[in-house]
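Residue numbers (this note's numbering): 163 to 762.
Below is one structure, written out as structure tokens; comments come after it.
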Amino acid sequence: MKSIADVTPNTSGKKAPEQDTDTRQLLLACVLVVLSGIVPDWFGSSYWTHCFQLVNLFIAVAAFQNLLMHDAGQSSFGQGAIFGVAAYGAAIASSMFGQPYVVAAIVGVLAAVVASFLYALPALRVQGYYLGFVTMSAATVFPEMLIAFNTHTKGVNGISISFATWQERTILGLSPLSLLVSGVACAALAAHVILRRTSLGRRLHVAAISPEAAQSLGISPGVMRFTAFTLVAVGTGLAGTLYTPIVGFISPAAFGLDTSILFFLAVIVGGRGQILGPVVGVWLLYLLPNILLADLHSYRLLAYGMAALIVMLAMPDGVVGTYERWRNRRRSSETPLRLGLESLLDIDNRKAPGRGASNEIAIDVQSGSKSYGAVAALDGVTLQIKRHQIHGLVGANGSGKTTLLNMLSGFARLDSGSLRIAGHDISSRAAHRIVHLGLGRTFQTPRIFSTMSLWENIQIGIDAAAGLHHDVAAGRHHNKILTELEDKMQGRSVELVPHGQRRLVELMRVVLTGADILLLDEPAAGLSPAERQQFRSLLCHMRDVLGTTIVLVEHDLELVWGIADTITVLETGKVVAHGTTAEISENPSVKKLFIQVVHA
Numbered sequence: 163m164k165s166i167a168d169v170t171p172n173t174s175g176k177k178a179p180e181q182d183t184d185t186r187q188l189l190l191a192c193v194l195v196v197l198s199g200i201v202p203d204w205f206g207s208s209y210w211t212h213c214f215q216l217v218n219l220f221i222a223v224a225a226f227q228n229l230l231m232h233d234a235g236q237s238s239f240g241q242g243a244i245f246g247v248a249a250y251g252a253a254i255a256s257s258m259f260g261q262p263y264v265v266a267a268i269v270g271v272l273a274a275v276v277a278s279f280l281y282a283l284p285a286l287r288v289q290g291y292y293l294g295f296v297t298m299s300a301a302t303v304f305p306e307m308l309i310a311f312n313t314h315t316k317g318v319n320g321i322s323i324s325f326a327t328w329q330e331r332t333i334l335g336l337s338p339l340s341l342l343v344s345g346v347a348c349a350a351l352a353a354h355v356i357l358r359r360t361s362l363g364r365r366l367h368v369a370a371i372s373p374e375a376a377q378s379l380g381i382s383p384g385v386m387r388f389t390a391f392t393l394v395a396v397g398t399g400l401a402g403t404l405y406t407p408i409v410g411f412i413s414p415a416a417f418g419l420d421t422s423i424l425f426f427l428a429v430i431v432g433g434r435g436q437i438l439g440p441v442v443g444v445w446l447l448y449l450l451p452n453i454l455l456a457d458l459h460s461y462r463l464l465a466y467g468m469a470a471l472i473v474m475l476a477m478p479d480g481v482v483g484t485y486e487r488w489r490n491r492r493r494s495s496e497t498p499l500r501l502g503l504e505s506l507l508d509i510d511n512r513k514a515p516g517r518g519a520s521n522e523i524a525i526d527v528q529s530g531s532k533s534y535g536a537v538a539a540l541d542g543v544t545l546q547i548k549r550h551q552i553h554g555l556v557g558a559n560g561s562g563k564t565t566l567l568n569m570l571s572g573f574a575r576l577d578s579g580s581l582r583i584a585g586h587d588i589s590s591r592a593a594h595r596i597v598h599l600g601l602g603r604t605f606q607t608p609r610i611f612s613t614m615s616l617w618e619n620i621q622i623g624i625d626a627a628a629g630l631h632h633d634v635a636a637g638r639h640h641n642k643i644l645t646e647l648e649d650k651m652q653g654r655s656v657e658l659v660p661h662g663q664r665r666l667v668e669l670m671r672v673v674l675t676g677a678d679i680l681l682l683d684e685p686a687a688g689l690s691p692a693e694r695q696q697f698r699s700l701l702c703h704m705r706d707v708l709g710t711t712i713v714l715v716e717h718d719l720e721l722v723w724g725i726a727d728t729i730t731v732l733e734t735g736k737v738v739a740h741g742t743t744a745e746i747s748e749n750p751s752v753k754k755l756f757i758q759v760v761h762a
């Protein structure tokens, strides 16, 4: 038996250990943050201490902006307002209500979370730069609101609070505030790396890259967006509560639109998704024009725009992102990976418990119709699919096969008729909830995520199994298989997998979700004859050993005729034939549709 998934680099040499780019960048970023935080204190420079305290505070906010933009896919131009809400909430609680600053900081963070809820609500309805414009409007209005509610905010004159003891150099010549701000910045950068390596981080990213793939794994993109805004608000709010201790004074002028633009462009300039990016971005956009070119302070917005324009033209991936791309090109090219499926046949060696009887109906479609304008994609389709069977759906392009799968998956709604899966009516059920009935699917165009490693592309299927409470490990050598899989794929890029084999990655992922019913949309396209034989063996194994119900949409008639228990033929949205392979082969309505019906 070959190694798991037969991940074979066609070379006899050992693969060099993969360098963890995130960890390497995190270490470098923390070194820069710590040095910039402590060196000015050691030299007794109050000016540079103050400057780098602000710089490191902004790095913390930009790190959370980076998480929100890249990992969660949310375009927010208003994080400066969240930052300001926390700063003002803490200042008001401390100065006007006499609360200890620790309590005041908690109030500030809670205020930031509440404000983030208002940001998250539009994220449930709009995306991309439409969401950016909504959040930009909040950032624009925020300073005006502080002035309008002057009685409660002292927005006209500002709030002054002394934190002299926080600035005293008492610990090895360092001030508690410098240590605290440096620690918060490093913690923000580390939190981004840690979150990426969790199930939640992967689910956030998948929902951002492909909402359809996310829903097919039981993930609600709306919930993920809401979660992302809340998590980022907590971090941004914590950073915001340190603004007043650094400056000693707070006013609406500090939280204008330019502050939000700084955080946004710091991510773009530094490198979207790069852990070191916020450090480089803030240093270039804030440190350079506001400190080193202080005489041009009034032109800082112009400086932001010019820097961003130059970087985006010369380095579209940002400074750090462009360097990483150059570095990867300089490294010796790795041998393309060849994936196989033999070891997935070893995922279980006995009949899985709890499967329904063979005459039980897994999918029941009654008079299903769907039209797009004047085109009837489905026209009164009635179809029953039994458990423990491979059910082939064949027909010419445009016959309604993928449309039917989309209806069953919840990605579209029937105009009339009914759909039932495992006895449950799914006609109005959300796609990510249908998955909880034991449904899994692949797509005509494989949903493979190039920003995630090969192992992470597989791992999200395991995450889905845990989230859906599918006991995929029961009675299996599951831990050993997953360990082997991780060892072979960890750190390997999806780019090393030939395009024709990438749908195998998607297939591995959906198999590991533990779904009872699989909808496979042209899964054999691009596979070699040997790979098709592996694929055929896997499907038969899943049916015969695991008791999985498989709906197979495929143009390879030889494959379908060789493994399908039942075949349904669609033409222009209608069922024109239904039966066993022998019955379909002799049906005159079918013969005219295909050049040749191939018998197994």
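Where is the CB? At the ideal position from N, CA and C, for every residue including glycine.
- Query: Under the DSSP definition of a beta bridge, which residues are partnered with L545?
  - Reply: Answer by DSSP bridge pairing, in chain order: V527.
- Message: Let me check understanding here. Comparing Cα to Cα, which of G294, L188, G557 and F279 lies closest to I746?
- Response: Of the listed residues, the one whose Cα sits closest to I746 is G557.
- Looking only at DSSP bridge pairs, what is R603 linked to? Note: R603 sits in a beta bridge opposite L681.
- Message: So, at 8 Å on beta carbons, what are the nonlocal neighbours of F205 in its own chain, with the 5 sequence-adjacent residues on each side left out?
- Response: Cβ within range, chain order: n/a, list empty.
- Please report the Cβ distance between D184 and R358, rounded to the nearest whole angstrom; I am assuming they are in contact, meaning their Cβ atoms lie under 8 Å. Taking 8 Å as the upper bound for CB-CB distance, D184 and R358 are in contact here, some 7 Å apart.
- Query: With A222 and V346 assumed to form a contact (beta carbons below 8 Å), what rounded beta-carbon distance in angstroms separates them?
  - Reply: Correct: roughly 5 Å between the Cβ atoms.
- Query: Just the Cα atoms here: how many angstroms apart are F214 and M474?
  - Reply: Approximately 26 Å, taken between the alpha carbons.
- Query: With contact counted as at least three CB pairs below 8 Å, one residue from each stretch, are the stretch 709-723 and the stretch 526-536 in contact?
  - Reply: For the pair of segments examined, the stretch 709-723 was found not to touch the stretch 526-536: the number of CB pairs separated by less than 8 Å stays below three.
- Three-state class that DSSP yields for R638 in the structure shown: With a pLDDT of 45 at R638, under the threshold of 50, the modelled position of this residue cannot be trusted; read the value that follows with caution. Residue state, collapsed to three classes: coil.
- Item | Residues that DSSP places opposite H740 in a beta bridge | According to DSSP, H740 bridges with T730.
- Task: Give the straight-line distance between the Cα atoms of G662 and I412, rounded to the nearest whole angstrom.
- Result: Taking the straight line from one Cα to the other gives about 58 Å.
- Item | A353 versus I620: straight-line alpha-carbon distance, rounded | Rounded to the nearest whole angstrom, the C-alpha separation of A353 and I620 is 23 Å.
- Under a Cβ-count criterion, where at least 16 other Cβ atoms within 10 Å of its own Cβ denotes burial, should G397 be classed as buried or exposed? Classification of G397: buried, given that the 10 Å Cβ count is 16 or more.
- Query: Any idea if F417 is buried or exposed, counting beta-carbon neighbours within 10 angstroms, 16 or more meaning buried?
  - Reply: In this structure F417 is buried. Its beta-carbon is surrounded by 16 or more other beta-carbon atoms within 10 angstroms.
- Query: So what's H314 in DSSP terms, helix, strand or just coil?
  - Reply: In this structure, H314 counts as helix in the three-state DSSP scheme.
- Message: Just verifying my parser: in three-state terms, what is the DSSP assignment at V715?
- Response: Strand at V715.
- Item | the stretch 598-618 / the stretch 680-692 touching (three or more Cβ pairs under 8 Å) | Segments in contact, yes.
- Query: Is the number of C-beta pairs between the stretch 273-280 and the stretch 389-404 that are closer than 8 Å three or more?
  - Reply: With a cut-off of 8 Å, the stretch 389-404 and the stretch 273-280 count as touching, because enough Cβ pairs lie within range.
- Item | Length-filtered (4 minimum) alpha helix (DSSP H) runs lying within the stretch 297-341 | Listed in chain order, they are 312-315 and 326-329.
- Curious, which full-length alpha helix (DSSP H) runs of at least 4 residues does the stretch 552-619 contain? Positions of the alpha helix (DSSP H) runs, each at least 4 residues long and wholly inside the stretch 552-619, are given as 563-571 and 593-596 in order along the chain.
- Query: From what residue to what residue does the alpha helix (DSSP H) around H703 run?
  - Reply: First-last of the alpha helix (DSSP H) with H703: P691 to D706.
- Message: Quick check: what's the CA-CA separation for V269 versus S257?
- Response: Each residue's alpha carbon lies about 13 Å from the other.
- Query: I think G572 touches R591, with their Cβ atoms under 8 Å apart; what is that distance to the nearest whole Å?
  - Reply: Contact between G572 and R591 holds, with the beta-carbon distance rounding to 6 Å and staying under 8 Å.
- Message: Please classify V288 as buried or exposed, where buried requires at least 16 neighbouring CB atoms within 10 angstroms.
- Response: Note on V288: under 16 other CB atoms within 10 angstroms of its CB, so exposed under the neighbour-count rule.
- Under the DSSP definition of a beta bridge, which residues are partnered with K532? Answer is L540.
- When burial is assigned at 16 or more other CB atoms within 10 Å of the CB, is Y448 buried or exposed? Its Cβ being crowded by 16 or more others within 10 Å, Y448 is buried.
- Can you give the Cα-Cα distance for L286 and M386, rounded to whole angstroms? Approximately 10 Å, taken between the alpha carbons.
- Query: Skipping 5 residues on each side, what residues in its chain have a beta carbon closer than 7 Å to that of G518?
  - Reply: Only weak support is given to the placement of G518: the predicted model assigns it a pLDDT of 44, under 50, and the value that follows is read from those uncertain coordinates. Closer than 7 Å at the Cβ level, and outside the excluded window around G518, lie R549.
- Task: List the residues that DSSP assigns as beta-bridge partners of I412.
- Result: Per DSSP, I321.
- Message: So, at 7 Å on beta carbons, what are the nonlocal neighbours of Y291 in its own chain, with the 5 sequence-adjacent residues on each side left out?
- Response: Annotation for Y291: S237 place their beta carbon closer than 7 Å to its own, counting only its chain and skipping 5 residues before and after.
- Message: Just to confirm the assignment, what range does the alpha helix (DSSP H) spanning S278 have?
- Response: Counting along the chain, S278 sits inside the alpha helix (DSSP H) bounded by residues Y263 to A285.
- Output the distance between the C-alpha atoms of D479 and L308, rounded to the nearest integer angstrom. D479 and L308: Cα-Cα distance of roughly 37 Å.
- Task: Spatial neighbours of G251 within its chain, please: CB distance less than 6 Å, with the 5 preceding and 5 following residues excluded, ordered by chain position.
- Result: Counting only Cβ-Cβ distances below 6 Å, and skipping sequence neighbours, we find V269, G270 and A273.
- Query: Does the stretch 190-208 touch the stretch 389-396, meaning 3 or more C-beta pairs lie closer than 8 Å?
  - Reply: The stretch 389-396 and the stretch 190-208 do not touch, with fewer than 3 CB-CB distances between them shorter than 8 Å.
- Query: Rounded to a whole number of angstroms, what is the C-alpha to C-alpha distance between A375 and R609?
  - Reply: Roughly 6 Å between the two C-alpha positions.
- Query: How big is the Cα-Cα spacing for P685 and L666?
  - Reply: Looking at the two C-alpha atoms, the distance is approximately 8 Å.
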